[in-house]
Amino acid sequence: MRMLFEVADLSVASPATVSRCGMVYLTPDNLGWLPYVQTWMETKFAGEDNLNNELKVYIVETFQATVDLAIDKIRSHFNELIKTDDLQLVKSMCNFLEVFLNPATGFNAVDPKQKKKDLDSYMGFSFAWGLGGALDERSKDYFDTVVKDCYKTAQFPN
């Protein structure tokens, strides 16, 4: 008989259990954030009429084009008030987007061009606060430039 368990840790497992387990451990650094975003897109927006496949691909491609650049800047040039993990920042961005992309909260444009325009603004806001929310005030001022460089077509309030 074979059993497969997926656990976050073995902190409460007995030594006998640990000795019988074959374990595969993947650190967040080796795995990265992209599998999380892809899984999030597939599960949260499966069968979603409001987001067609083209927009889903666009979202993932935008993540790929912007997130690593921002995380590198955050880690090398900016100061976080509370230290964060890369995946934690990406999850925060996804949480913002999840709210914005809900048709009940406003993502319900019919025109495809308007929908993409709205999406850029929502992604820019989610990027700014999901990734830059833990930065100190001075760093947020500089991170603003990163956000505007990554989301040139987004419309932000002044």
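Under the numbering used here, think of the first position of the sequence shown as 1, with each following residue one higher.
C-beta: ideal position from N, C-alpha, C; glycine also.
A contact between stretches requires three or more CB pairs, one per stretch, nearer than 8 Å, and the segment 133-145 meets this requirement with the segment 76-85. The segment 63-79 and the segment 7-19 do not touch, with fewer than three beta-carbon pairs separated by less than 8 Å. The Cβ atoms of isoleucine 71 and leucine 87 do not sit closer than 8 Å to each other. Less than 8 Å divides the Cβ of phenylalanine 127 from the Cβ of valine 147. Listed in chain order, the alpha helix (DSSP H) runs fully inside the segment 8-82 are 15-19, 28-31, 34-44 and 53-77, counting runs of at least 4 residues. Between leucine 97 and threonine 153, the alpha-carbon positions lie close to 17 Å from each other.
Taking C-alpha positions only, tryptophan 129 is separated from phenylalanine 143 by approximately 10 Å. Residues Met41 and Phe45 of the same chain have their beta carbon placed closer than 7 Å to that of lysine 56, with the five preceding and five following residues left out of the count.
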